[in-house]
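The next block holds one structure in the form of structure tokens; read it before the comments.
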DNA sequence: TAACATTTTGCAACATTGTTGCAATTGTAT
DNA sequence: ATACAATTGCAACAATGTTGCAAAATGTTA
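Chains as they are written, first to last, in my numbering: chain Z, 1 to 138; chain Y, 1 to 138.
Following this line, the structure appears as structure tokens:
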């Protein structure tokens, strides 16, 4: 597991630091989206707030994680799949937010439906957020 | 116009105050989503920040406006259609964010596509955010 | 491994955004 | 017009996010 995390960093040409390893590990361990606050809370080591912000930003820039728009406008981040590269995200998948437990999941295997857009508009990216109740909360 | 705004407040059983009239007017005048910051900026009168927050919250509670999740996690609000009532929003429509001008529009006439959700999950609400270039920026 | 250059971290200070309690003001109904 | 209820604005605070800079950690080269 640790090796996988190290590999991701290497592959993105990032130097291997404790903060990056630990934070990236949190994402691989918890199979759900994490907020900045989550990371500060669940991490054993107490990182400086600034470090967490900068690490998350670096990961987003490198295509390691992506940010998720949520209904309550808290910033959530989740691991990208292999198709994401630096400067170009392919996170056209459905995000599911459970209203019970509050967890946010990426539903990678669900296809984004085609959205019809009025004439004269062009589409760059489509985000689909589904609120509901997840399997474990049912 | 002013009457229409007054009517909306009356219909929602809200007392008619200057702040509510002015803020609601901003929404009816500008045919796009507004952020808290927008409202403070474009309003002639300088409302207290707290008043704006509370007014927006009241409008959301009463089903007059709805909040829109955005990719950069800034909070946007837009007028609801008549189908929205207190405590129950029907804002299942597509939101379009122009990457050029930054404006956010409700595409009320575009149907929300059906999203397939894994077994064991149930759906309450679906939000669709489309990023792209709008008609006027093309 | 040691020394150096580069990057990252943590601190401090600050800016922005959002919240709460309370007194003063405004709106509504009688 | 008066009285009651609701709303507003102020002050103080809490949370969230940003920037510059010195110290520490990392990567590289010899």
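Where a beta carbon is used, it is the ideal one built from N, C-alpha and C, also for glycine. Note that the structure is a prediction, hence the values are computed from the model and not measured.
Residue 107 of chain Y has a beta carbon lying within less than 8 Å of a beta carbon in chain Z. With at least 16 other beta carbons inside 10 angstroms of its own, residue 63 of chain Z counts as buried. Note on residue 4 of chain Y: under 16 other CB atoms within 10 angstroms of its CB, so exposed under the neighbour-count rule. Residue burial is scored here from C-beta neighbours: residue 20 of chain Z has at least 16 other C-beta atoms within 10 angstroms and is therefore classed as buried.
Residue 123 of chain Y: member of the beta strand (DSSP E) spanning 122–133, first to last residue. The alpha-carbon separation between residue 39 of chain Z and residue 52 of chain Z amounts to approximately 8 Å. Under the three-state reduction of DSSP output, residue 137 of chain Y falls in the helix class. Bridge pairing for residue 67 of chain Y: Y:77 [DSSP]. Taking a Cβ-Cβ threshold of 8 Å, the residues of chain Y close to residue 110 of chain Z are 115, 116, 117 and 118, in chain order. Residue 80 of chain Z and residue 45 of chain Y have their C-alpha atoms some 45 Å from each other. Between the region 94–113 of chain Y and the region 97–110 of chain Z there are fewer than three inter-stretch CB-CB distances shorter than 8 Å, so the stretches are not counted as touching.
Counted as a single uninterrupted DSSP element, the stretch harbouring residue 93 of chain Y is not any alpha helix (DSSP H), since DSSP gives it neither H nor E. Under a 10 Å Cβ-count criterion, residue 66 of chain Y is classified as buried, with 16 or more other Cβ atoms of the shown protein chains found around its own Cβ. From the listed residues Y:71, Y:26 and Y:118, the smallest Cα separation to residue 126 of chain Z is found for Y:71. Using a Cβ distance threshold of 8 Å, residue 95 of chain Z and residue 129 of chain Z count as a contacting pair. Listed in chain order, the non-local C-beta contacts of residue 102 of chain Z below 7 Å within the same chain number zero, local neighbours out to five positions each way being set aside. For residue 57 of chain Z, the nearest beta carbon of chain Y is not closer than 8 Å to its own beta carbon.
Not flagged as an interface residue toward chain Z: residue 35 of chain Y, since no C-beta distance is shorter than 8 Å. Across the structure, residue 134 of chain Z and residue 33 of chain Z are spaced so that their CA atoms are roughly 14 Å apart.
Counting the other CB atoms within 10 Å of its CB gives residue 93 of chain Y a total of 16 or more, which places it among the buried residues. Nearest to residue 138 of chain Z by alpha-carbon distance, out of Y:15, Y:132 and Y:123, is Y:123.
At a C-beta separation below 8 Å, residue 93 of chain Y has no neighbours in chain Z, since its nearest C-beta there lies roughly 11 Å away. In terms of beta-carbon proximity, residue 81 of chain Y stays away from the interface with chain Z, with every pair separated by 8 Å or more. Neighbours of residue 135 of chain Z in chain Y, taken as residues whose beta carbon is under 7 Å from its own, are 120 and 121 in chain order.
Within its own chain, the residues whose Cβ lies closer than 7 Å to the Cβ of residue 131 of chain Z, once the five positions on either side in sequence are excluded, are 71, 97 and 99, listed in chain order.
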